[in-house]
């Protein structure tokens, strides 16, 4: 298939659409809660509205903090991101009653693109278990020798449709839309980080492995 390239404007527009999609629901819930507070005198309804506002504000904040690391220029003054920060925003984004997150990684600074790839792979991992379950994130090695293994286990697990083609930059029909931009972007980051990503499924477990490409290993040894 033909590899698709997006110009800077299309890429930024689609990523902005993705981020807006993630935060519009909790922000809308905050607005609804405020409207209830303005119009209701019933104490029970006001308590419900305040609880809705608190939960939605936390959710919106978590999604924005995650997007800042996964898609944005967080820490742009340097070339590295602390894995502890990556874990924190990931737990804030995905740690809920539906999905349990386990995380095993060294406390270290990692190259920015590798961390961005890791976070994007977690996003893909959540789509592999649409009914929820457990996502285990394991990071080994350091620097160019880093490797990621993510396992997503849950009922009706599957490798998300078209994700491998999108990550390879070869979307079906040759078009990338707002629904496919996240795995497409993950593929761009993987290539920038010189990492090869592979998917496998066995039963109700999807495994995502990311390792350094042979070219990267050669460069590290030189």
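Numbering (our numbering), first residue to last: 228 to 449. Glycine is no exception: its CB is placed at the ideal position from the N, C-alpha and C atoms.
Item                                                                                                                         : Value
Other residues of its chain near residue 365: CB distance less than 6 angstroms, five sequence neighbours each side excluded : 331 and 376
The alpha helix (DSSP H) enclosing residue 283, as first and last residue numbers                                            : 270-297
Residues near residue 249 in its chain [Cβ-Cβ closer than 8 angstroms; skip 5 each side]                                     : 290 and 294
Residue range of the unbroken beta strand (DSSP E) whose run includes residue 360                                            : 360-367
Which of helix, strand or coil DSSP assigns to residue 354                                                                   : helix
Helix, strand or coil at residue 444 according to DSSP, with G and I counted as helix                                        : With a pLDDT of 46 at residue 444, under the threshold of 50, the predicted position of this residue should be treated as unreliable, and no value is reported.
Segment limits, alpha helix (DSSP H) that includes residue 263                                                               : 235-266
According to DSSP, residues forming a beta bridge with residue 422                                                           : 439
Where the beta strand (DSSP E) containing residue 307 begins and where it ends                                               : 307-309
Nearest-angstrom Cβ-Cβ length linking residue 317 and residue 356, presumed shorter than 8 angstroms                         : Rounded, the Cβ-Cβ distance is 15 angstroms, inconsistent with contact.
Inter-residue spacing [alpha-carbon to alpha-carbon] between residue 422 and residue 263                                     : 49 angstroms
Contact set for residue 325: own chain, Cβ-Cβ below 6 angstroms, skip 5 residues either direction                            : 359
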